[in-house]
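Asker: Quick one: structure below, then a few questions.
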Amino acid sequence: MLKIKGLSKTFCGIKVLDRINLDIEKASIVGLAGSSGSGKSTLLRLIQRLEIPDSGSMECDVRTGFMFQDFQLFPHMTILKNITYAPKIHKNKDHSAKASNLLKTLGIASKSHSYPSQLSGGQKQRAALARSLLMEPDILLCDEPTSGLDVATILDVVALLKSVRNMGVTMLIASHDLDFLTKISDRIVLLKKGEVIVDVALESIKDPIDYLKAFY
Amino acid sequence: MEELVHHILFIGQGIFFTLHLLVGGLAIGMILGTILSVLRYNKIAVPVIGGFISILRGTPLILQLSLVYFTLPSLVGVRVSVLCAGILAFGFNSSAYIAEILRSGIESLSKGQFEAAKTLEIPPYYMWRDIILPQIIRNIWPSLVNEIIAVLKETALIGTISGMDIMRMAQILGAEQFTYFIPLCIAGAYYYLLTLLIEYFSKKFEKREFYAKN
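Right, dumping it as structure tokens:
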């Protein structure tokens, strides 16, 4: 459903991504690992078309959704308005009913009329996820979804994203947290200095964290 | 005492003219300033808009007012009233300052807000109207209130083309009485009172609209 061929991107003369090739299949969770500055976020931003690639091609015939590292909820809107605003503009049917169901599923129904500043990090995370999901994406791109969250909340996020996969949504998750990625992904793609150096299905390796750490 | 009341009432007749200028000028200033600041994000329009703002900020307001009032009839064959000339001049001048205030607001906003709107496929008109501008207004509100107060005080220049505002009424009274001290103090008190009212309502608006969301 998403095919990337030879994608490259340079910022101010620094090559951030170098001829990336990647195929993503439906209903899978792909973890994008790598240290800071390895090009994970840039790759997600290129797929979402927030950046223009220097070269290479991308075939993506499905709708993508994006979850920002810092959520980027609209601070002047309530949570309910944050998640229903775009579907309302696009005249999506039943967006109100879907929104309340989603908020209930994600456990933040009681926060519908609160503003983002009144929510904890984990609650903002859920609100951002609800906003992306209500747009009914086929692929959800998550940029560092566990950044700044405590251990208990990270476990919640793992459960949450697994339940999202059960809804039939494919996910590409960028994170530097190997423990989190190995808990959730079917496949890990490791980036180093803008190049894919590992692309492996997790079920095929015994001790994934040790295996991946060897490539850092 | 009776004479003082007469002076206050006489100069007070200029309030409506001043308020007409203020409201009209600000309406044009806000609309044009918003258009200018949004168009600044269009690469083709940048030099034209930058030049327009630069000229309006770089020339005296009294010159702009005189240009509108004295030269429009000969240049385009349109004769405008004193009030209309004042509203146009104050409006155009204020639009340049409002565009700059808005620019600072836009630049203070996280780039991620624009990107979030883009990822949610929100069309530009709705993005600016419902996502960007409400947040910017909250950020720039104090500067915007300063601009409103500045325009109020600048309206006193209308006397140079015979507009009968607060200041002009005070000057007329001063000339009649051969003493300017009391009339000018009364005019000053009117301007100060109007400024206090603007501050009062702006703070009320700020509390109602912004505090709950912070």
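In order, the protein sequences belong to chains U and G. Numbers in our numbering are just positions in the first sequence, counted from 1, shifted up by 1. Numbers in our numbering are just positions in the second sequence, counted from 1, shifted up by 447. Backbone N, C-alpha and C define an ideal beta-carbon position, used for all residues, glycine too.
Taking 7 Å as the cut-off, decide whether the C-beta atoms of M168/U and L141/U are in contact.
Answerer: On the first sequence, position 167 is the one that residue 168/U refers to. On the first sequence, position 140 is the one that residue 141/U refers to. Not a contact, by the Cβ cut-off of 7 Å.
Asker: Report the residue ranges of all beta strand (DSSP E) runs contained in full by the stretch 145–216 of chain U; include only those spanning at least 3 residues, in chain order.
Answerer: The stretch 145–216 of chain U contains these whole beta strand (DSSP E) runs: 171–175, 188–193, 196–202.
Asker: By DSSP's criteria, V31/U is part of a beta bridge. Which residues make up the other side?
Answerer: Stepping through the first sequence from its first residue, residue 31/U is reached at position 30. In the DSSP output, where bridge partners are listed per residue, V31/U has L173/U, R188/U.
Asker: Less than 7 Å between C-beta atoms, sequence neighbours within five positions excluded: which residues of the same chain meet that for V485/G?
Answerer: The residue you call residue 485/G lines up with position 38 of the second sequence. Once the five neighbours on either side are set aside, the close Cβ partners of V485/G are W575.
Asker: So, helix, strand or coil for V17/U, using DSSP?
Answerer: Position 16 of the first sequence, counted from the start, is the residue given in the question as residue 17/U. V17/U: strand per DSSP, three-state reduction.
Asker: Answer with yes or no whether the minimum CB distance from I579/G to chain U is below 7 Å.
Answerer: Start at 1 with the first residue of the second sequence, and residue 579/G comes out as number 132. It does not; no Cβ of chain U falls within 7 Å.
Asker: Are the C-beta of I53/U and some C-beta of chain G separated by less than 7 Å?
Answerer: For this step, residue 53/U is matched to residue 52 along the first sequence. It does not; no Cβ of chain G falls within 7 Å.
Asker: Would you check if there are 3 or more beta carbon pairs closer than 8 Å linking the stretch 551–569 of chain G to the stretch 496–504 of chain G?
Answerer: Flag = no, the stretch 551–569 of chain G and the stretch 496–504 of chain G do not touch.
Asker: Give me whichever residues DSSP pairs with M68/U in a beta bridge.
Answerer: What you label residue 68/U is simply residue 67 of the first sequence in a count that begins at 1. Within the DSSP secondary-structure output, M68/U pairs in a beta bridge with C143/U.
Asker: List, in chain order, every chain U residue whose beta-carbon is nearer than 7 Å to that of L591/G.
Answerer: Locating residue 591/G in the second sequence gives position 144, counting from the first residue. The contacting residues do not exist; L591/G stays about 16 Å from chain U at best.
Asker: Work out the CA separation of S113/U and T79/U for me, nearest whole Å.
Answerer: Numbered from 1 along the first sequence, position 78 holds the residue referred to as residue 79/U. Numbered from 1 along the first sequence, position 112 holds the residue referred to as residue 113/U. Spanning the two alpha carbons is a distance of roughly 7 Å.
Asker: Please return the same chain residues whose Cβ sits closer than 7 Å to the Cβ of I462/G, not counting the five positions on each side in sequence.
Answerer: Position 15 of the second sequence, counted from the first residue, corresponds to residue 462/G. If we look at I462/G and ignore the five residues flanking it on each side, its Cβ neighbours are I613, Y637.
Asker: Mind checking Q624/G: buried by the 16 CB within 10 Å criterion, or exposed?
Answerer: Residue mapping note: residue 624/G aligns to position 177 of the second sequence, counting from 1. Exposed, since its Cβ has fewer than 16 Cβ neighbours within 10 Å.
Asker: Please report how far the alpha carbon of D178/U lies from the alpha carbon of I548/G, in whole angstroms.
Answerer: For the purposes of this step, residue 178/U is taken as the residue at position 177 of the first sequence. For the purposes of this step, residue 548/G is taken as the residue at position 101 of the second sequence. In a straight line, the C-alpha of D178/U is about 42 Å away from that of I548/G.
Asker: Identify whether K112/U lies in helix, strand or coil by the three-state DSSP scheme.
Answerer: Taking the first sequence and counting its residues from 1, one reaches residue 112/U at position 111. K112/U: helix per DSSP, three-state reduction.
Asker: In whole angstroms, what separates the C-alpha of L468/G from that of V527/G?
Answerer: For the purposes of this step, residue 468/G is taken as residue 21 along the second sequence, with counting starting at 1. For the purposes of this step, residue 527/G is taken as residue 80 along the second sequence, with counting starting at 1. Distance between the alpha carbons of L468/G and V527/G is about 14 Å.
Asker: How big is the Cα-Cα spacing for Y212/U and I206/U?
Answerer: Taking the first residue of the first sequence as 1, we reach residue 212/U at position 211. Taking the first residue of the first sequence as 1, we reach residue 206/U at position 205. Cα-Cα distance, rounded: 8 Å.
Asker: So, for I509/G: in the same chain, excluding its five sequence neighbours on each side, which residues have a beta-carbon less than 8 Å away from its beta-carbon?
Answerer: Along the second sequence, read from residue 1 onward, the residue named residue 509/G stands at position 62. Taken in chain order, the residues that qualify are L604, T607.
Asker: Consult DSSP for T43/U and reduce its assignment to one of helix, strand or coil.
Answerer: Taking the first residue of the first sequence as 1, we reach residue 43/U at position 42. Of the three classes helix, strand and coil, the one that applies to T43/U here is helix, per DSSP.
Asker: Which term fits A202/U, buried or exposed, when burial requires 16 or more other beta carbons within 10 angstroms of its beta carbon?
Answerer: Residue 202/U sits at position 201 when you count from the first residue of the first sequence. Exposed, because fewer than 16 other Cβ atoms sit within 10 Å of the Cβ of A202/U.
Asker: With 7 Å as the C-beta to C-beta threshold (strictly closer), list the residues of the stretch 166–177 of chain U near chain G in chain order.
Answerer: none
Asker: Rounding to the nearest angstrom, what Cα-Cα distance links R46/U and R127/U in this structure?
Answerer: The sequence position of residue 46/U within the first sequence is 45, counting from 1. The sequence position of residue 127/U within the first sequence is 126, counting from 1. Near 21 Å, if we compare the C-alpha coordinates of R127/U and R46/U.
Asker: If you drop the 5 nearest sequence neighbours on each side, which residues of the same chain put their C-beta closer than 7 Å to that of L115/U?
Answerer: Position 114 of the first sequence, counted from the start, is the residue given in the question as residue 115/U. Position check: residue 115/U holds Ser in this sequence, whereas Leu was assumed. So the list reads T79, I80, once near-sequence residues are dropped.
Asker: Would you give the residue range spanned by the beta strand (DSSP E) that E60/U belongs to?
Answerer: Numbered from 1 along the first sequence, position 59 holds the residue referred to as residue 60/U. Where E60/U is concerned, the enclosing beta strand (DSSP E) stretches over 56–61.
Asker: Look up S541/G in the DSSP assignment and say whether it is helix, strand or coil.
Answerer: Counting from one through the second sequence, the residue named residue 541/G turns up at place 94. It is helical.
Asker: Just checking, does the stretch 13–21 of chain U make contact with the stretch 155–164 of chain U on the three C-beta pairs under 8 Å criterion?
Answerer: Proximity of the stretch 13–21 of chain U to the stretch 155–164 of chain U falls short of the contact definition, fewer than three beta-carbon pairs being nearer than 8 Å.
Asker: Let me make sure I understand the geometry here. Which of F67/U, A215/U, K163/U has the alpha-carbon closest to that of L107/U?
Answerer: Numbered from its first residue, the first sequence carries residue 107/U at position 106. Taking only the C-alpha atoms, the option nearest L107/U is K163/U.
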